[in-house]
Each structure stands twice: as C-alpha cells, then as structure tokens.
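Line order of the protein sequences matches chains U and R. Numbering-wise, our numbering puts 148 at position 148 of the first sequence, and it's gapless, one number per residue. Numbering-wise, our numbering puts 766 at position 323 of the second sequence, and it's gapless, one number per residue.
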Amino acid sequence: MSDGRSAETASPTLDRRSFLKTTGALVAGASLGDMLLARQAPAQIKGTSLRMLIWSHYVPAYDVWFDKFSKEWGDKNGVKLRVDHIPHLELPARYAAEFAAGAGHDLIYYAGQILTGQYFRNLVDLSDVAEGLGKKYGGWLDAAKSAAQVGGAWYGVPDYFISIPVLWRKDLFASVGMGEPKTWDDLRKAAGALKAKGHPTGMQFSHCNDANHNWRALMYCFGVKETDPSGQNVTLDSKEMREALKFAKAMYDEGMTPEVFSWDDASDNRFLASGVASWIHDAISAYHSTRVTNPKVFEQTFVVPEVAGPGGTWNVGEPNVWAIWKFSKNVAAAKEFIQAIGDSQKDAMNASLGYNMPFLKGHYTKPMPYLGNDPKLAKLQDQEKITAFLGFPGPMTPAAQEVVTTFIIPDMFTKVARGAAIEDTMKWGVGEVRRIYAKHKAS
Amino acid sequence: MSPGGGPPPPGSLSVTLRPRARAVSWWRTPTARRYFFGYTLLAPAVIYVALLVGAPFLFSLYLALSDASVSAPIAHFVGLENFKSALENATFYTALRNSILFTVGAGIMKGLLGTTLAFLLLQPFKGRKIIRALVVIPFTLPIAVSVLGWKWMFDSQFSVINWALNRLHLIGAYGSPDWPVWLGQPGLALLSVMFVNVWRGFPFSAIVLLAGLTSVPPEIIEAAKVDGASFLTRFRKVIVPMIAPILFIGSAFDTVFTLSDLSIVYLLTNGGPDGATEILPTLAYNTGIRGGALGRGAAISLFLFPLLLPAMVLLLRTLRRRQY
C-alpha cells in the first residue's frame, strides 16, 4: 500500500538506522561547518563553566592577550571561564595529582613536556577538532603528530611550538672576518676566534630545558637518530653520536668558558644582553629582552633559523598542546575553546611577538604575523621545514620524556666536555637510555 | 546441704554458697579506666601519625613494589624490580653518595654554627632581642624566595660574591680561569647547595640550643665555674648532658629535613651539572613525577628510609636511656 510518498526517496539498501546515521552526520557536519564559519559555539554550552590550566608564557604580553581572549570568548558564548596559569615545570606534577584525584581542570595544556603518550587512555579523542582545523588551515606539520597523536588518533590538539634559533652578533663576527653562520663549523670557528677577544659562546651543559633542546639540535644536525621512527628502538649508539660529542667537546674547549656548566634557561639571555656572547642558541625571548636591556647589542644581533651539520639542518622546537581529561565536566565547551583559539592563531602570533610558531601549514603564508614585519625575524618564516621534537625521529613517547627529564643527553655532552672518553660516555648514556626504554616496554 | 537433701549433719562445716556474684568486668576496673583514659588521650596523636605518616609510607611501599605510573590507575605487582632498577642506574649511586655528603656535611656545619650562635645570643648585650629575632629570618623566609636570591648570588656572570672577592683581589676577573663558577664546578656546586641549606637551617639549630641553654640552672654553671671548670669542660660535662634530650630531638629533625630536602637542589641546579648535585629526592622526583614512572621514583625515594632508620633508632634509644 502506498502512503503517498515518492518511492525514489527510500533506497532499497538504505534502512532507517543507516538513513538516520547518514543524515545525522550530514546535519552535524553542516552545523559544525556553519559554526566554524560564524565562530558561534553551540547553544548547549551556554550557562556552563570551564576551568583550564595553562603555563605562564615567556612573553607576558601574550598572557595578557590570552586572558582577554578567553574572557571575551566566555562572555560571547555564555561560558563561565576560569584560566589558571602556573610555571611550565610544575605542570607535570599538577597533572599527576589531577589524574590521581580524577578531578581538576577541564582543559589542560602541555608546555614543553608533552604527556599525550602518557595520559592518552584518559584523554578525550580530539580527532574531530584536530582534523577540522587541519582541513581548514592547509594541514598539520608532520612534527605535530609526534606531540599529539597516539596510534593515529589525536589525543591532543597542537597549539604552537617555540623555535630555538641561533642569535649571533654581526659586528663581532665581522671583526674576525666572518659573515652569517651557515654551519655548526662556522659557529665553532667564530666562537674560537672570538673567545680570544673576550666574546665566547655558550650552550647549557646543565640540567635545564634548553640543554635538552640545544644539544639535540646539534645531534640531529649531525644525523643522530634517538630512536627508529616507531619510537620503540633506541638508535643512539651510532657513529654520528660519537661525532656530535667530539664536535661539542672541541666547541667547548675552543669557544666556551666553564660557566656553561651552571647555566639555567635564562643565563644565555643575560649572556647575550651583557654584550659578552658572540652567539647563543636560544628562543627569541633573548632577542626581545636584549632589545629592552641593551639596545646597542640588539642592533647587532641577528637570527639564523638553524645552522647545518653533516646530517642536515634540524631545529628542536618546544611544542605546546591542548588536551581534555576524560573526567572533564565540560568537554563540549573545552572543544569549542580549542577550536576558537585554533582560529585565532594569527592574533596569537602577533601577541606573542612572533614567539608562537604555528603547527598548521596554512599559517606559513608570507608575510607571517609579526615575523613578517621584522626583517631580522623574517627568516623564521620557513621554520616549519626544519623543526623536529625530542625523541626524533620517533614520537614523544613516555620513554622519550623520561630520557628528557633525567637529563641523560646533556649529561653525556657534559661528561665529554669535562674530559671523559667518548666510548665510556657512550656506554653510560646509551645504557641509561636503553634501560629506560626497556622499562617502558616491559610495562 | 546433705546429699540426701536434709539438714547438714552436726559438726560439719557449713558453707553457704551465695548465688554466683556477677563477674565484675575488667573493663570496669579502675585500672582499665585509667588505661582507657590514657589511650584516649594518646589516640589523636596515633591517628594523626597513622594517617599522615603511616598511610603515605605504606602507599609509597605499594608504589615501589608495582609498575605504577602517573597515568595508570591500576598497577601490577613487580616485586623488587624497581629497587633492582635503581641499583642498576649509575646516577643512583651518585645521588646516594651526594645525599649522605649533603646531610652529614650540612649537619656538622649547622651544629657548629648553631652552637656558636646560641652561645653568642646567650650573652647579655644591647639589642639582643632584636638580633635574636633577626637571626631566624633565613628560616622563616619562603624557601623559593630565599633560594632564588642565592641563585642570583651564585650567578656565573653577575655573582655579587665573585664581585666582592674580585674587589678584594682574592680572585681574577670574570672570564679568567680562577673566576669561581659556584653552581658549575662539581665540588663547588655541592658545597654551594650545602651552604644554602646550612644558611637556612642553622638559625633553627641555634634556637633549639638556646632553648636548652636557658633551661640550665645558672647556679649549676656557677658551681662548675667555682670548681675551676673551663668553658669547654663546662660545655662538655655539664651543659651537654643536661640539654642532651633537646639536642637529640633537634638533630633528629634536622637529619630528616636535610636528607629529604628537595627544594634547594631542585631550584639551584636540578641535580646538575652531570649529577654533581644529584640527591635521592631530585632523582626520585624527576623519575617518578616528571618522568611519569611512579613505581621507580617511589623505590628511589624509599632508599632514604634505611638511611634514616638507624640514625633515628640510635637517637631515640639514647634519649630513652638518658630518661631512665
């Protein structure tokens, strides 16, 4: 019996359940698309509250912008938003406590130390948000997956990374007949020549964040691979690693002073601003702070994204990633916020004075915000092509994180700089790294 | 009553059996009441210790025997695997050695300086009350603030200590080989972190000692003086025996606080360079919390227990013997 409806509307292979699924997905997709275009959050988050935990940014102006942005987003969408900023080194302990308690912030943030691999079973799958942003802004950098994906699913949404380029003094390099450094060898030669004139260089041989980044940049440029691409097998025991250690020892002997053994993350900033340093390997916070504290030095300070080694050019960035606990009481609003901040990357780059480097390829269209307006920083607009993260070429697994937090790599370089035999150091360092990876594999 | 049920035969001893008195419960005796009262008074302290010390200790023991991580709600028993792992870690031995050096070295320095300061503060002089208040400032300052102050003073480039030493022509200029890098040279780095611990802790030692000294009756000291006892003899034979209980308790506290002190090393060097200042608490924190391997971190921190236990037992036994 006909009910009067057209027979063609119902395909014989499409039952009621499939029909609802398909149309539901289409409607949801269309609504999400509309929402993204209008930047209008869904009505169900109105009247809810959202708590987020984030680090205190190195650029205070960025935090001012971020807090304002958050407040405006909350007001616009009717969400009562609370933003807590704490120093980035305290975040892991805070997350351990929140996880143990099963309560805490709805929206969390990994700064530098990426814990996606550690907590992914307890995090909301954010593949919908990440893939949506990727599609909208030309796709994610390959390195983004290392920080936010586990088993192909996005358990975090990359926000930005901090690049750590070479900051060098043009006047001092010119005084020894050198121009812009292109290779690690150039940096070594310049440091050697300029140390004699009272302008040594320095990279941290100590237990701080920068030590972990800087020596890895040298390692990767020498062709060292910490693990295989799966991140499961340690490949540190190599000719390249031995060469990197040998080079670092020579660079220390020729171009540094023992003070590098005591440095923290800010020591090289002060070293540059004091006018002593010939070059440093640090984030552009050093560049910005020198602008204020020593304008004469600032005038002569230039930026190189990274220098090349025998194994290529690799800069080790510091990623920052959003994540949502499964126990979050407001997953919908947290996702909306990630979406909103993802849509505001250009403003964020401006507010951070070019410090925040985007993970989305589309944001590398020149001129990039802030970087494109500063001739010295403009070179960083291709940073996405040379960026790697800790554990390269493997992902930032919990084992890779433990190697980072126990400072094994900086300690290897320190031992060699202090005169330990390279083979003894390799035996110790590789042994420690293998022990850590074996423990994680076993558990 | 006769077996037959009649009256008892003449001459027999009459025993009247009263109905069995209801046994007085031991719980109602004055002794029991006294015990009950005593234990009731003790209970808050016992519960407090059980909850705040016993439970965390048992929990850390559970963690150390499991493969617990910061992200695994359910851990599996792994026996002594984590302890074995710590013993296989070369850095562990460095941390163990540094922990012992740090505790013993700082303890001796705090004892010497605290004693000297206590005797100085005991003497009558103008402004004594103000000085007594001022010396406890290092102990009362928030640790993060004071340690950051020291970090600046130990800075490799802008150290005020080096500046002063240079002005006094005791060291060379910045950049010269004899410019000390306080937190960068292995021996100096360990000495520097010990120094900050001593700076922060010796006022506490002095105050504890001062409390003891003021409790010694002056007539006993005077009598010893009349008998011709020198200052050292008076200190050794009269004062120390009289204030021994206070000294023991102060030493016990200081040993525990120093051995488990994470903040100073964490803020100044984080165990670097190359493990020169690594101590068990920093290694445990970086492995267990920052590295996420809670089980292994707990095992490392539990190595503090066998270090502390004999010292505490010895101190408390000596204290008890003295009481009797």
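Yeah, the Cβ is synthetic: ideal placement off N, Cα and C, and Gly gets one too.
Chain U contact for residue i (CB, 7 Å cutoff)
i, result
"residue 592 of chain R", "no"
"residue 713 of chain R", "yes"
"residue 733 of chain R", "yes"
"residue 542 of chain R", "no"
"residue 716 of chain R", "yes"
"residue 630 of chain R", "no"
"residue 619 of chain R", "no"
"residue 421 of chain R", "The first residue shown for chain R is 444 and the last is 767, placing residue 421 of chain R beyond what the model contains."
"residue 602 of chain R", "no"
"residue 708 of chain R", "no"
"residue 615 of chain R", "no"
"residue 655 of chain R", "no"
"residue 626 of chain R", "yes"
"residue 705 of chain R", "no"
"residue 744 of chain R", "no"
"residue 729 of chain R", "yes"
"residue 648 of chain R", "no"
Sheet register partners of residue i (DSSP bridge)
i, result
"residue 154 of chain U", "U:149"
"residue 447 of chain U", "Chain U is shown from 1 up to 443; residue 447 of chain U falls before or after that span and cannot be answered."
"residue 84 of chain U", "U:53"
"residue 301 of chain U", "U:169"
"residue 355 of chain U", "For residue 355 of chain U, which the question treats as bridged, DSSP gives no partner whatsoever."
"residue 700 of chain R", "DSSP, once it has assigned bridges, lists no residue as partnering residue 700 of chain R."
"residue 520 of chain R", "R:509"
"residue 111 of chain U", "U:320"
"residue 183 of chain U", "U:308"
Best match in the options for proximity to residue i [C-alpha to C-alpha]
i, options, result
"residue 537 of chain R", "R:587, R:720, R:686, R:759", "R:720"
"residue 246 of chain U", "U:52, U:264, U:55, U:424", "U:424"
"residue 352 of chain U", "U:50, U:61, U:55", "U:61"
"residue 622 of chain R", "R:599, R:519, R:712", "R:599"
"residue 369 of chain U", "U:387, U:391, U:345, U:360", "U:345"
"residue 184 of chain U", "U:303, U:251, U:286", "U:251"
"residue 167 of chain U", "U:335, U:306, U:87", "U:306"
"residue 520 of chain R", "R:756, R:745, R:738", "R:738"
"residue 696 of chain R", "R:676, R:470, R:490, R:752", "R:752"
"residue 98 of chain U", "R:607, R:700, R:732", "R:732"
"residue 647 of chain R", "R:525, R:555, R:749", "R:555"
Cβ of residue i within 7 Å of any chain R Cβ
i, result
"residue 237 of chain U", "no"
"residue 411 of chain U", "yes"
"residue 119 of chain U", "yes"
"residue 111 of chain U", "no"
"residue 227 of chain U", "no"
"residue 20 of chain U", "For residue 20 of chain U, the pLDDT reaches just 41, beneath the cut-off of 50, and the residue's location in the model is therefore unreliable, leaving the point undetermined."
"residue 123 of chain U", "no"
"residue 207 of chain U", "yes"
"residue 346 of chain U", "no"
"residue 414 of chain U", "yes"
"residue 402 of chain U", "yes"
"residue 443 of chain U", "yes"
"residue 293 of chain U", "no"
Residue i and residue j closer than 7 Å at C-beta
i, j, result
"residue 718 of chain R", "residue 258 of chain U", "no"
"residue 45 of chain U", "residue 319 of chain U", "no"
"residue 321 of chain U", "residue 147 of chain U", "yes"
"residue 542 of chain R", "residue 736 of chain R", "no"
"residue 330 of chain U", "residue 116 of chain U", "no"
"residue 268 of chain U", "residue 280 of chain U", "yes"
"residue 708 of chain R", "residue 725 of chain R", "yes"
"residue 303 of chain U", "residue 366 of chain U", "no"
"residue 407 of chain U", "residue 215 of chain U", "no"
"residue 410 of chain U", "residue 211 of chain U", "yes"
"residue 155 of chain U", "residue 120 of chain U", "yes"
"residue 689 of chain R", "residue 740 of chain R", "no"
Check: residue i C-beta below 6 Å from any heavy atom of the ligand GDP
i, result
"residue 91 of chain U", "No copy of the ligand GDP occurs in the structure displayed, which carries no ligand at all."
Proximity test, Cβ basis, 7 Å: residue i and chain A
i, result
"residue 398 of chain U", "This model lacks chain A altogether, as its protein chains are U and R."
- Task: May I ask you to list, following chain order, the residues of the region 659-675 of chain R that have a beta carbon less than 8 Å from some beta carbon of chain U?
- Result: Result list empty, no residue passes.
- Task: Would you list, in chain order, the members of the region 251-273 of chain U that have their beta-carbon closer than 9 Å to a beta-carbon of chain R?
- Result: Taking 9 Å as the Cβ-Cβ cut-off against chain R, the residues of the region 251-273 of chain U that qualify are 257, 258, 259, 260, 261, 262, 263, 264, 267, 270, 271.
- Going along the region 529-559 of chain R in order, which residues come within less than 8 Å of chain U, judged by CB to CB distance? Within the region 529-559 of chain R, the residues whose Cβ lies closer than 8 Å to any Cβ of chain U are, in chain order, 531, 532, 533, 534.
- Query: Closer than 7 Å, Cβ to any Cβ of chain R: which residues of the region 316-329 of chain U, in chain order?
  - Reply: Within the region 316-329 of chain U, no residue qualifies.
- Of the residues that make up the region 483-512 of chain R, which ones have a beta carbon closer than 8 Å to any beta carbon in chain U? For the region 483-512 of chain R, which is checked against every Cβ of chain U, the residues closer than 8 Å are 510, 512.
- Residues in the region 422-441 of chain U having any Cβ partner in chain R nearer than 9 Å: Along the region 422-441 of chain U, the positions whose C-beta sits under 9 Å from a C-beta of chain R are 428, 431, 432, 435, 436, 439, 440, read in chain order.
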